[in-house]
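Participant: Chains as they are written, first to last, in the working numbering: chain A, 204 to 540; chain B, 3 to 458.
(1) For residue 35 of chain B and chain A, any beta-carbon pair shorter than 8 Å?
(2) Out of A:369, A:352, A:351, A:350, point me to the one whose CA is closest to residue 359 of chain A's CA.
(3) Using Cβ-Cβ distances below 7 Å, what residues of the stretch 99–115 of chain B are close to chain A?
(4) Do the stretch 334–341 of chain A and the stretch 451–459 of chain A meet, that is, are 3 or more Cβ pairs less than 8 Å apart?
(5) If you reduce the DSSP assignment to three classes, tell me which class residue 408 of chain A lands in.
(6) Is residue 282 of chain A close to chain B, meaning its C-beta is less than 8 Å from at least one C-beta of that chain?
(7) The stretch 351–385 of chain A: which residues have C-beta closer than 9 Å to a C-beta of chain B, in chain order?
(8) Can you list, in chain order, the residues of its chain with a C-beta nearer than 6 Å to that of residue 228 of chain B? Leave out the 5 residues immediately preceding and following it.
(9) Give me, in chain order, the residues of the same chain whose beta-carbon lies closer than 6 Å to that of residue 151 of chain B; leave out the 5 immediate sequence neighbours on both sides.
(10) Can you round the beta-carbon distance between residue 250 of chain B and residue 223 of chain B to whole angstroms, since I take them to be within the 8 Å contact cut?
(11) Secondary structure at residue 376 of chain B, three-state DSSP: helix, strand or coil?
(12) In chain order, which beta strand (DSSP E) runs of at least 3 residues are fully inside the stretch 360–408 of chain A?
(13) Determine the extent of the beta strand (DSSP E) in which residue 138 of chain B is found, giving its start and end residues.
(14) Quick one: does residue 431 of chain A have its CB under 8 Å from some CB of chain B?
(15) Could you tell me the alpha carbon to alpha carbon distance between residue 176 of chain B and residue 378 of chain A, rounded to whole angstroms?
(16) Does the distance from the CB of residue 105 of chain B to the CB of residue 191 of chain B come in under 8 Å?
(17) So, does the stretch 419–431 of chain A touch the stretch 303–314 of chain A, judging by three or more C-beta pairs under 8 Å?
(18) Strictly under 8 Å for the Cβ-Cβ distance: is residue 305 of chain B near chain A by that measure?
(19) Given a cut-off of 8 Å, decide if residue 526 of chain A and residue 330 of chain A are closer than it, judged by their beta-carbon atoms.
(20) Taking the alpha-carbon of residue 459 of chain B as reference, which of A:348, A:382, A:319 has the nearest alpha-carbon?
(21) Using a C-beta to C-beta distance shorter than 8 Å, which residues of chain A count as neighbours of residue 52 of chain B?
(22) If you follow the beta strand (DSSP E) that residue 48 of chain B is in, where does it begin and where does it stop?
(23) Where does residue 420 of chain A sit, in a helix, a strand or coil, going by DSSP?
(24) Identify the continuous alpha helix (DSSP H) that holds residue 309 of chain A and give its terminal residues.
(25) When Cβ atoms are compared, which residues of the stretch 465–488 of chain A fall closer than 7 Å to chain B?
(26) Suppose you measure from the CA of residue 2 of chain B to the CA of residue 397 of chain A; what does that come to, to the nearest Å?
(27) For residue 328 of chain A, write down the residues that DSSP places opposite it in a beta bridge.
(28) Going by C-alpha distance, which of B:242, B:276, B:39, B:198 is nearest residue 213 of chain B?
(29) Based on DSSP bridge pairs, tell me the residues matched to residue 524 of chain A.
(30) Which first and last residues belong to the alpha helix (DSSP H) in which residue 281 of chain B is found?
(31) Can you pull the chain B residues whose beta carbon is under 8 Å from the beta carbon of residue 387 of chain A, in chain order?
(32) Do we get a CB-CB distance below 8 Å when we pair residue 315 of chain A with the residues of chain B?
(33) Would residue 148 of chain B pass as an interface residue toward chain A - the criterion being a Cβ-Cβ separation below 8 Å?
(34) Output needed in chain order: residues of the stretch 197–215 of chain B with a Cβ under 8 Å from some Cβ in chain A.
(35) Which of helix, strand or coil does DSSP assign to residue 279 of chain A?
(36) Can you grab the Cα-Cα spacing for the pair residue 461 of chain B / residue 401 of chain B, in whole Å?
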């Protein structure tokens with residue numbers, strides 16, 4: 204799964220835990236700010252997940268392994284938005300493992316839990332394959348306010364840094380000034396944005412798909428308006444957008460991504476299910492993992508409807524959108540190195 | 003939809019028949035289910051713990067009265083405690099200060115502050131009859147200012163322009179000065195989204211608050227927010243003296259446990275709820291109804307109100323008069339009944355507000371399709387002549403073909419509609435024979451008495 208990163212930063216394929224900071228820095232170097240960003244990725248992820256870590260960490264220090272500890276751990280996992288079913292599964296597995304391996308100290312138990320979380324999250328760990336016939340059409344969906352447009356901006360930069368040409372389609376024709384937001388962003392970063400004065404999201408994206416074909420663009424990213432899965436008419440509309448794209452290229456959209464706000468509670472699972480049922484999701488982008496946000500919701504998703512997490516966002520900066528690594532993530536959740 | 007408390011409890015309740023009072027022993031299983039249900043609804047863990055402790059204390063030794071089962075009695079206690087946390091009274095805005103009354107909006111990124119600013123402006127303009135000015139201090143997100151300008155225009159209120167090069171405090175002060183000279187009663191200040199742990203940004207909004215001395219400082223929260231709601235609420239509560247909370251995206255299928263957490267931490271009343279992206283999708287918040295929603299008991303009160311507001315009384319009376327006069331129920335009446343349902347926010351909206359048991363029953367049906375069916379039925383009836391609607395027995399093969407062609411459906415669908423109509427007609431006839439009163443009595447009991455319609 205590291206193969207796609209190999210060509211550029213050669214160190215990328217190193218074991219993740221220790222080298223987690225280096226590949227990030229190397230990849231950043233490929234972009235723009237080589238020095239200051241160094242050593243930042245792993246730290247940032249950890250800082251981002253600090254709240255979870257703090258809570259979980261304090262449970263492990265100098266304590267004996269007993270029933271009360273498991274109860275507390277379950278509570279901590281739930282507090283990290285893991286959801287009840289996933290937290291219960293993890294704790295059951297941890298109990299079994301503690302018994303089997305006769306784990307008696309907190310530190311070992313913590314490592315065991317990290318391993319279990321890693322196992323749970325591993326199915327989500329998959330990189331997005333960028334080397335495909337062009338244009339690679341990426342459709343972005345999500346509920347309101349999760350950071351779709353912002354993520355598109357960051358992804359565009361990321362794709363550019365991997366030597367791809369990018370075109371954006373302003374498919375959010377509904378929210379006030381959504382188009383301007385994307386256009387402003389495009390101007391700042393020298394990326395062409397296809398827009399229309401008004402009208403239909405499907406039409407804009409159809410145009411953009413044709414334009415991408417004509418201009419020989421590598422990757423086209425199509426923004427869509429935020430919608431809640433309960434708004435049935437809007438869910439129908441986004442299905443239509445997908446159908447219309449397929450008219451230009453039968454295989455497009457090649458990727459249908461759902462953007463999820465990591466601050467969302469258990470509704471995130473409902474979102475994944477609803478959008479997957481409507482569109483057939485190929486991957487997820489998880490935003491706003493910085494701050495006091497907790498990554499536990501990924502466990503809930505892994506438990507209920509696993510979908511590859513292509514990228515996680517842990518900060519405002521463009522370099523803060525990164526591929527997802529289960530091991531690294533589990534360790535950051537628990538504050539392990 | 004998520005599992006809800008009613009469903010969870012019904013599992014336990016079965017083992018608990020015939021016990022006369024709630025005791026520590028028979029409650030513990032149920033309390034575990036209550037705890038899980040609350041956690042699944044995204045109520046934050048510390049809040050859940052508090053709540054469970056209180057429920058335990060209050061429920062201990064309580065008699066199980068009447069036909070209630072112990073589970074139902076316990077849910078009654080939980081509901082009361084939830085309602086107590088979430089606050090009893092509906093809270094309004096305090097705008098009684100020297101104009102302009104400043105309303106400062108704060109919240110996380112993507113909570114829906116700008117959309118809320120537009121909705122709030124419209125509400126204040128229309129219901130409070132005030133002259134409103136809006137201003138954006140979001141100098142960070144591209145096109146945020148433009149977005150506020152657009153929604154302000156849609157809301158029909160004044161907008162004070164700003165640019166990303168300015169400082170937030172300067173913008174706000176200039177807006178206040180402008181509002182004073184232009185006799186605006188209310189100034190709504192939209193701010194950039196920020197994280198509770200971002201110290202620089204929290205300092206910025208504190209400075210903004212100090213400079214503006216707002217009449218209302220409203221915290222805008224996404225109803226879908228998870229366990230982190232406690233920390234976020236705490237951070238904003240510590241930085242700003244919040245006077246109220248606005249819950250957004252409440253039209254989603256999240257249970258909205260965050261509302262409880264935020265209220266518990268800040269103590270500030272939840273004043274409004276945002277539903278949908280249209281500027282009209284904004285309601286005064288009813289705390290007791292939210293408690294029911296979190297428990298999964300449905301929002302019967304809202305439903306009743308909505309029914310009152312949206313059902314055309316005249317129409318209903320026409321049907322009633324017709325029934326009384328002994329005339330038969332015809333297709334025209336049938337159509338108006340179908341129309342009533344779609345006026346009440348469609349079938350999906352209707353089911354959403356039903357208590358869990360009924361909603362569960364309706365879950366099997368695909369609401370989107372059901373709604374389409376309703377539209378289709380209307381279409382078929384619209385393709386009939388007036389005479390046909392009054393005398394459905396006229397409709398034979400030839401007419402059916404014409405109607406089907408006119409409505410763009412198969413003849414079978416016309417047949418199906420006629421069959422459904424006949425069934426309805428049969429029901430109406432029964433009601434005429436005094437069945438109506440019986441039916442109404444049943445309905446009254448369901449809506450009014452007890453307060454736990456889902457538990458019956």
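Quick reminder that beta carbons are idealized off the backbone N, C-alpha and C, glycines included.
Facilitator: This is what the structure gives:
(1) Taking the second chain and counting its residues from 1, the one referred to as residue 35 of chain B is at position 33. No, residue 35 of chain B lies away from the interface with chain A (no Cβ there is under 8 Å from its Cβ).
(2) The sequence position of residue 359 of chain A within the first chain is 156, counting from 1. Comparing Cα-Cα distances from residue 359 of chain A to each of A:369, A:352, A:351, A:350, the minimum goes to A:369.
(3) 110, 111, 112, 113, 114
(4) yes
(5) Here residue 408 of chain A refers to the residue found at position 205 when the first chain is read from its first residue. Reduced to three states, the DSSP call for residue 408 of chain A is helix.
(6) For the purposes of this step, residue 282 of chain A is identified with residue 79 of the first chain, where counting begins at 1. By this cut-off, residue 282 of chain A is an interface position.
(7) 352, 353, 356, 377, 378, 379, 380, 381, 382, 383, 384, 385
(8) For the purposes of this step, residue 228 of chain B is taken as residue 226 along the second chain, with counting starting at 1. Correct list, in chain order: 44.
(9) The residue you call residue 151 of chain B lines up with position 149 of the second chain. Answer for residue 151 of chain B: 161, listed in chain order.
(10) As a working mapping, residue 250 of chain B is identified with position 248 in the second chain. As a working mapping, residue 223 of chain B is identified with position 221 in the second chain. That belief holds up - the Cβ atoms of residue 250 of chain B and residue 223 of chain B are roughly 7 Å apart, short of 8 Å.
(11) As a working note, residue 376 of chain B is residue 374 in the second chain. In the structure shown, residue 376 of chain B sits in a helix (DSSP, three-state: H, G or I).
(12) 369–372
(13) Working through the second chain from its first residue, we reach residue 138 of chain B at position 136. It spans 134–138 - the beta strand (DSSP E) in which residue 138 of chain B sits, taken as one unbroken run.
(14) For this step, residue 431 of chain A is matched to residue 228 along the first chain. It does: the Cβ of residue 431 of chain A has a partner Cβ on chain B nearer than 8 Å.
(15) Numbered from 1 along the second chain, position 174 holds the residue referred to as residue 176 of chain B. Numbered from 1 along the first chain, position 175 holds the residue referred to as residue 378 of chain A. If I take the Cα positions, the gap works out to 27 Å.
(16) Working through the second chain from its first residue, we reach residue 105 of chain B at position 103. Working through the second chain from its first residue, we reach residue 191 of chain B at position 189. Yes.
(17) no
(18) Taking the second chain and counting its residues from 1, one reaches residue 305 of chain B at position 303. Below a pLDDT of 50, predicted positions are generally treated as unreliable, and residue 305 of chain B, at 48, falls in that range; no measurement from the model is reported.
(19) Along the first chain, one-based indexing puts residue 330 of chain A at 127. Along the first chain, one-based indexing puts residue 526 of chain A at 323. Yes, Cβ-Cβ distance for residue 330 of chain A and residue 526 of chain A is below 8 Å.
(20) Outside the shown range of chain B, which is 3 to 458, sits residue 459 of chain B, and nothing can be said about it.
(21) As a first step, residue 52 of chain B must be located in the second chain, where it is residue number 50. In chain order: nothing, as chain A lies at least about 14 Å away.
(22) For the purposes of this step, residue 48 of chain B is taken as the residue at position 46 of the second chain. Element bounds for residue 48 of chain B: not the beta strand (DSSP E) but the alpha helix (DSSP H), 47–61.
(23) For the purposes of this step, residue 420 of chain A is taken as residue 217 along the first chain, with counting starting at 1. Here residue 420 of chain A sits in coil by DSSP.
(24) The count along the first chain starts at 1 and reaches residue 309 of chain A at position 106. That run of the alpha helix (DSSP H) goes 309–324.
(25) 466, 467, 468, 469, 470, 473
(26) Nothing can be reported for residue 2 of chain B, as the shown portion of chain B is limited to 3 through 458.
(27) Counted from its first residue, the first chain places residue 328 of chain A at position 125. Answer is A:512.
(28) Working through the second chain from its first residue, we reach residue 213 of chain B at position 211. Out of B:242, B:276, B:39, B:198, B:242 has the C-alpha closest to the C-alpha of residue 213 of chain B.
(29) By 1-based counting over the first chain, the position of residue 524 of chain A is 321. Bridge partners of residue 524 of chain A: A:516.
(30) The sequence position of residue 281 of chain B within the second chain is 279, counting from 1. No alpha helix (DSSP H) holds residue 281 of chain B; DSSP gives it neither H nor E.
(31) Indexing the first chain from 1 puts residue 387 of chain A at position 184. Near residue 387 of chain A (Cβ distances below 8 Å), the residues of chain B are 144, 145.
(32) Here residue 315 of chain A is taken as the residue at index 112 of the first chain, counted from 1. With 8 Å as the cut-off, residue 315 of chain A does not count as an interface residue toward chain B.
(33) Position 146 of the second chain, counting from 1, holds the residue named residue 148 of chain B. Yes, because at least one Cβ of chain A sits closer than 8 Å to the Cβ of residue 148 of chain B.
(34) 197, 198, 199, 200
(35) Reading the first chain from its first residue, position 76 is the one you call residue 279 of chain A. Correct three-state label for residue 279 of chain A: helix.
(36) Past the boundaries of the shown model lies residue 461 of chain B; chain B is included only from 3 to 458, so the question cannot be answered.
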